[in-house]
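The structure under discussion appears below in the form of structure tokens.
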Amino acid sequence: MGVPGENCRTRSQAGPQGLRFSVWLDSQGLIHGFELSGHAGFADPGEDVVCAGVSALSIAAVNGLEHFLSVPPQVREETGFLACSLGQVSGEELSRAQWILETLRLGLEGIRAAYGNEYLMIEQRRWTPC
5 MGVPGENCRT RSQAGPQGLR FSVWLDSQGL IHGFELSGHA GFADPGEDVV
55 CAGVSALSIA AVNGLEHFLS VPPQVREETG FLACSLGQVS GEELSRAQWI
105 LETLRLGLEG IRAAYGNEYL MIEQRRWTPC
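When you line the sequence shown up against our numbering, it's residues 5 to 134, in that order.
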């Protein structure tokens, strides 16, 4: 997502969707990755606290995963889009990743609770190994 606020648009440009956070869970409820797309549109660029908060949390999560896992996550980043996948990690690595990813999810749920679904939608998706 780059620098917090850098990819955010004004409310009129954001459209009805706002930011969408999709978290990929396995059958045991463990997070294996996430996607973040869109633009909050809460305020003008550089003043959008929703976008800044979401950007900061997601960048910190990716940085934490890259630092604390022996196999770095697969990350795809474009303007207004960030995807992060753990790949085939298991055991202690997967457990360590959960602390980081659950903290990300908890932080984003707090932002959504404070500002509403029109700016940040959170959805759960089923993850299945390839």
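Using N, Cα and C, we set each Cβ at its ideal position, and we do this for glycine too.
- If you check the CB distance, residue 85 and residue 41 come in under 7 Å.
- Listed as beta-bridge partners of residue 28 by DSSP are 37 and 129.
- Three or more beta-carbon pairs drawn from the region 113–126 and the region 40–55 are found closer than 8 Å, and the two stretches are therefore classed as touching.
- Ranked by Cα distance from residue 39, the options 75, 105 and 73 are led by 105.
- When beta bridges are read from the DSSP output, residue 85 appears opposite 41 and 82.
- In this structure, residue 127 sits away from residue 62, with a CB-CB distance that is not shorter than 7 Å.
- Between residue 80 and residue 50, the alpha-carbon positions lie close to 23 Å from each other.
- Around the beta carbon of residue 109, 16 or more other beta carbons sit within 10 angstroms, so the residue counts as buried.
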